[in-house]
Structure formats: structure tokens, C-alpha cells
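Enquirer:
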Amino acid sequence: MHIAEGFLPLEWSAVWYALALPIVGYGIYRAQKLRERELGVMPLLAVTAAFIFVLSALKLPSVTGSCSHPTGTGLGVVLFGPSITAFLSIIVLLFQALLLAHGGITTLGANTVSMGIVGPAVGWLAYRAVRRMKAGLLTSGFVAAFFADLMTYVVTAGQLAAAFPATKGGILLSFEAFFGIFAVTQVPLAIIEGITVALALKLLQEHGVAVEMWQPKGVSVSEA
0 MHIAEGFLPL EWSAVWYALA LPIVGYGIYR AQKLRERELG VMPLLAVTAA
50 FIFVLSALKL PSVTGSCSHP TGTGLGVVLF GPSITAFLSI IVLLFQALLL
100 AHGGITTLGA NTVSMGIVGP AVGWLAYRAV RRMKAGLLTS GFVAAFFADL
150 MTYVVTAGQL AAAFPATKGG ILLSFEAFFG IFAVTQVPLA IIEGITVALA
200 LKLLQEHGVA VEMWQPKGVS VSEA
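Each residue of the sequence shown is one higher than the last, beginning at 0 in numbering that gives the first Met the number 0.
1) Rank L149, L159 and D148 by C-alpha distance to the C-alpha of L172 and give the top, closest one.
2) Quick one: complete alpha helix (DSSP H) runs, 4+ long, within the stretch 116 to 185?
3) For a quick check, are the C-beta atoms of T151 and S12 less than 8 Å apart?
4) Pairing CB atoms from the stretch 124 to 133 with CB atoms from the stretch 156 to 170, are three or more of them under 8 Å?
5) With the cut-off set at 8 Å, would you say G193 and F145 are in Cβ contact?
6) Drop a sphere of 10 angstroms on the beta-carbon of A100, count the other beta-carbons inside from all chains shown, and report buried for 16 or more, exposed for fewer.
7) Could you check the C-alpha separation between I170 and A162 for me, to the nearest Å?
8) Tell me the rounded alpha-carbon separation between V210 and E10.
9) For Q185, does the count of other Cβ atoms within 10 angstroms reach 16, so buried, or fall short, so exposed?
10) Output needed for L57: all residues of its chain with C-beta closer than 8 Å, excluding positions within five of it in sequence on either side, in chain order.
11) Quick check: what's the CA-CA separation for L98 versus P164?
12) My assumption, with CB atoms under 8 Å, is that A19 sits in contact with I90. Please give the rounded CB distance.
13) Would you call P42 buried or exposed, if buried means 16 or more other Cβ atoms sit within 10 Å of its Cβ?
14) Rounded to the nearest angstrom, what separates G75 and E4 at their Cα positions?
15) Between the C-alpha atoms of I2 and G39, what's the straight-line distance to the nearest angstrom?
16) Mind checking V183: buried by the 16 CB within 10 Å criterion, or exposed?
17) Can you tell me the Cβ-Cβ gap for F86 and A199, rounded? I've got them flagged as a contact below 8 Å.
18) What do you get for T166, buried or exposed, if any count of 16 or more other CB atoms within 10 angstroms of its CB means buried?
19) Can V196 and G73 be called in contact, C-beta distance under 8 Å?
20) Do you know whose CA, among G108, T138, T84 and V153, lies nearest L44's CA?
21) M114 and S82 look like a contact to me (Cβ under 8 Å); what is the Cβ gap, rounded to whole Å?
22) Could you please give the first and the last residue of the uninterrupted alpha helix (DSSP H) stretch that includes T105?
23) Could you spell out where the alpha helix (DSSP H) holding P8 opens and where it closes?
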């Protein structure tokens, strides 16, 4: 999913930065408020960021200029909600760009929008929906991770299609081509990631972590 450095035209890089930064800024604000309220949450924030870093660094070549891999953001969504996950994601993406040459600085905004914002937002909505239907935490975590992963690649395909529309058929045809290539590897990866996040949640529960207590105030569904 990480779009490589220099792959997007600069005008599109600017557009994605403009969309990403306000949401990341809100995520920073939410993380600061959470830290003030719950001093003991910092280790879990760090573990969640490390989880995202490790999973999203496992890349498989896919479309020229990008790649397929898990995202790891489903865990952040379940623990902290989508805005803090956006903040954690941009940190991860920045370190990967600088240390691993995975992604890039000019494409950091685009990669944050897909992996750190839209994917987690859709995962969060799916998570809340199935929790309200009385699904268990692990099942709900699987659903959140699956949709967060899959939607990340829908957005990435859209970003590439918008930047490089087909000569005949335009953006739509280009999107179909990009996502068709992504889907070959990404659907199985989304299933595997869902299982991985469910197992991580189970491990946290077994170690006495109240998994849903740090979710955005007023929207926790832990009673389900």
C-alpha cells in the first residue's frame, strides 16, 4: 500500500497532505488528553504503534510504485478509536520512510490518508456496528481489522487512479485495474490480519487489559 517516494505528482502529494494533517492534528490532541486522563496508557500506545510498524513493514510487491501488506491499524482502532490511530499511523509511516525506504516523504500524506485515516475510520464503523449486534470482542476485532485493511487498498487504488487515469476509460478504468491487482494479495492478507488482531486482543485480555476502556468517550460499546 505504501506509495513510493516521488511516485505521485506533487500537486496530488499536496492534496493528500492537506487532507491528512488536520485529522492527524486532532489525533495528537486526543492522544494528549488520553495521556492526561490515564497516565498508564503510554506503554499500550507504544505497543500499538510497534504492532502497526511491524505488520505494515511486511510488504509484498504489487502494483508498480506500491506494495501489499497488512496494516496493523485494526488493533489501534479497537483500543483507541480512529483519530489516535491516525496519529500513530503517521509516526509509523514517517519512520518507515526514513529508516526502511518504505513509502516516502512526498507520499506521506497520501499513505496516511489511506492507511491511517480512511481505513481505520471504516474499520471503526464496522467494529461499532457488529458490537451493537452483540458480537464478541474478538469477532468484532476481526471485522475491524479486515475492513480497515481492505479499505486502505481501496483508497490507495483510488489515489493511484486519480493521479494516473487511463487514456481510455479515465479514473474508473484505472481504479479497476489497480484494485484488481491489489485484491489478489490483499483479500487473503485482510483475513490473516483479522485473525492476528483477534489473537492480539485475546492476549491483552488474558493479561488483564481492559481493552475497550480507552475508546473515544461516549462511544464505547464495551457493555455489548
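All residues carry an ideal CB built from backbone N, CA and C; glycine is no exception. Because the structure is a prediction, the values reported are computed rather than measured.
Expert: Reading off the structure:
1) Comparing Cα-Cα distances from L172 to each of L149, L159 and D148, the minimum goes to L159.
2) 118 to 131 and 136 to 162
3) no
4) Not touching, per the Cβ criterion.
5) yes
6) Within a 10 Å sphere around the beta-carbon of A100 sit fewer than 16 other beta-carbons, which makes this residue exposed.
7) Approximately 8 Å between the Cα atoms of the pair.
8) 41 Å
9) Looking at its Cβ environment, which holds 16 or more other Cβ atoms inside 10 Å, Q185 is buried.
10) H68 and P69
11) 31 Å
12) Going by Cβ atoms, the distance from A19 to I90 rounds to 13 Å, so no, they are not a contact pair.
13) exposed
14) 26 Å
15) 35 Å
16) The residue is exposed, with fewer than 16 neighbouring Cβ atoms inside 10 Å.
17) With a Cβ gap of about 19 Å, F86 and A199 do not count as contacting.
18) Classification for T166: exposed.
19) yes
20) T84
21) Actually they do not touch by this definition, with Cβ atoms about 14 Å apart.
22) Segment: none, T105 is in no alpha helix (DSSP H) and carries neither H nor E.
23) For P8, there is no enclosing alpha helix (DSSP H), as DSSP gives it neither H nor E.
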